[in-house]
């Protein structure tokens, strides 16, 4: 039965920076000129098949699923699996390749295809890569900041019934705190992911592993630095500081699991929101686990501040129960994970014309 491919994950030609060409054996693939050359001879290839080859070569060494090929090459066009099979058969013929003993395109039965020949990237890809890193980090900050708005509204609604000060004041303060923490945390995790992916890819190590390691390092660094700053600030202003606030350990756990969830979601290949949902669910699991293991996230840290400073008029009464704290930790983790990855992917696409898989 024909099926309609989902909307494209990225625009054709947006996988690398402008001017980038790919060399493998005696072939050169030039996406900007939309040519495949063998020596001085241009190999004739249809536009759609060229896009398929471009995707495979750009992701050399990585599995490209059938769903992803259909999404990015046949965007919105009803096709059958036979169309994809014919495409790969034609590409192999033009490359002088064989399915039984592949030199270029290997089949992962029932899953997709992998370009297995060594590929050299030539040309001006660094400006786009740098713009992509910046876009990924800024987008992650913006997405987590939006999640912070939701968190501020949630905690404001929990605090207002028992607040001794005006409800608007309580809500405003909690909104500012949550948005600020979201912006900083999202920026740190997203920047770590982007740098980790780029660094490990350049070293020939899997880019997905780079995302996870980078997310962990970014979360650890951001959490630790923010905690040190907060402790010094409280000690300076009030002469005391709640040392058990959320910090580096929680940041590491959230950063690593959110990145891993995004990778798993992307590998599932079920639409553009799959990585966002994967990151959100992974963040929810991490948030719940952090609370169960004795760690703290935003809600617990606010409660700790209230307990440390007796004159505080902040109270989050509904958090008295253990399972309500676990549930709130899961909600925090989901919002942070989905916000970071959703914003980061959008930011990458806007500034670099591409985004990670």
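Residue numbers (the UniProt record's numbering): 1 to 357.
Glycine included, each C-beta is placed from N, C-alpha and C at the ideal position.
Exercise. From the DSSP output, in three-state form, read off residue 104 for me.
Key: As a position in the chain shown, residue 104 is number 104, starting the count at 1. It is coil, neither helix nor strand.
Just how far apart, CA to CA, sit residue 276 and residue 114?
Here residue 276 refers to the residue found at position 276 when the chain shown is read from its first residue. Here residue 114 refers to the residue found at position 114 when the chain shown is read from its first residue. Spanning the two alpha carbons is a distance of roughly 24 angstroms.
According to DSSP, simplified to helix, strand and coil, what is residue 114? By one-based count along the chain shown, residue 114 stands at place 114. It is a strand residue.
Can you look up residue 297 in the DSSP assignment and give me helix, strand or coil? Looking up residue 297 in the chain shown gives position 297. In this structure, residue 297 counts as coil in the three-state DSSP scheme.
Discussion item. Tell me which residues share the same chain as residue 230 and place their Cβ nearer than 7 angstroms to its Cβ, disregarding the 5 neighbours each side in the sequence.
Written reply: Here residue 230 corresponds to residue number 230 of the chain shown, with the count starting at 1. Answer for residue 230: 245, listed in chain order.
Own chain residues within Cβ distance below 7 angstroms of residue 73, not counting five before or after: The residue given as residue 73 occupies position 73 in the chain shown. Within the same chain, residue 73 has close Cβ partners 48, 51, 52 and 55.
**Prompt:** Would you report the Cα separation of residue 324 and residue 75, rounded to the nearest angstrom?
**Reply:** Taking the chain shown and counting its residues from 1, one reaches residue 324 at position 324. Taking the chain shown and counting its residues from 1, one reaches residue 75 at position 75. One C-alpha to the other measures close to 44 angstroms.
Residue 292 to residue 254 span [Cα, whole Å] | Taking the chain shown and counting its residues from 1, the one referred to as residue 292 is at position 292. Taking the chain shown and counting its residues from 1, the one referred to as residue 254 is at position 254. Rounded to the nearest angstrom, the two C-alpha atoms are 14 angstroms apart.
Requested in this report: Assign residue 70 to one of two classes, buried (16 or more other C-beta atoms within 10 Å of its C-beta) or exposed (fewer than that).
Outcome: Here residue 70 corresponds to residue number 70 of the chain shown, with the count starting at 1. Buried, by the Cβ-count rule.
Evaluate residue 296 with the Cβ neighbour count: other Cβ atoms within 10 Å of its Cβ, from every protein chain shown; 16 or more gives buried, anything less gives exposed.
Here residue 296 corresponds to residue number 296 of the chain shown, with the count starting at 1. That one is buried.
| task | Label residue 31 either buried or exposed according to how many other C-beta atoms from any shown protein chain fall within 10 Å of its C-beta, with 16 as the threshold for buried. | result | Within the chain shown, residue 31 is the residue found at index 31, counting from 1. Buried.
Could you check which residue in 134, 102 and 294 has the C-alpha nearest to that of residue 189? Working through the chain shown from its first residue, we reach residue 189 at position 189. Taking only the C-alpha atoms, the option nearest residue 189 is 134.
Closest to residue 26 by CA distance: which of 91, 303 and 41 is it? The residue labelled residue 26 in the question sits at position 26 within the chain shown. Looking at the Cα atoms, 41 is the closest of the given residues.
| said: If the criterion is Cβ atoms closer than 8 angstroms, does the pair residue 104 and residue 117 meet it? | reply: Against the chain shown, residue 104 aligns to sequence position 104. Against the chain shown, residue 117 aligns to sequence position 117. Contact: yes.
Open item on the list: For residue 146 and residue 140, I'd like the C-alpha separation in whole angstroms.
Closed with: The residue given as residue 146 occupies position 146 in the chain shown. The residue given as residue 140 occupies position 140 in the chain shown. Computed Cα separation, rounded: 10 angstroms.
I need the DSSP call for residue 23, collapsed to helix, strand or coil.
For the purposes of this step, residue 23 is taken as the residue at position 23 of the chain shown. It is a strand residue.
Relative to the C-alpha of residue 112, which candidate in 299, 64, 337 and 215 has its C-alpha closest? Numbered from its first residue, the chain shown carries residue 112 at position 112. Per the Cα distances, 64.
Item to check | residue 57: first and last residue of the uninterrupted alpha helix (DSSP H) it sits in | outcome: In the chain shown, counting from the first residue as 1, residue 57 sits at position 57. Taken as a continuous stretch (DSSP letters only), the alpha helix (DSSP H) holding residue 57 covers 47-58.
Requested in this report: Identify whether residue 361 lies in helix, strand or coil by the three-state DSSP scheme.
Outcome: Outside the displayed span of the chain (1 to 357) sits residue 361, for which this structure offers no information.
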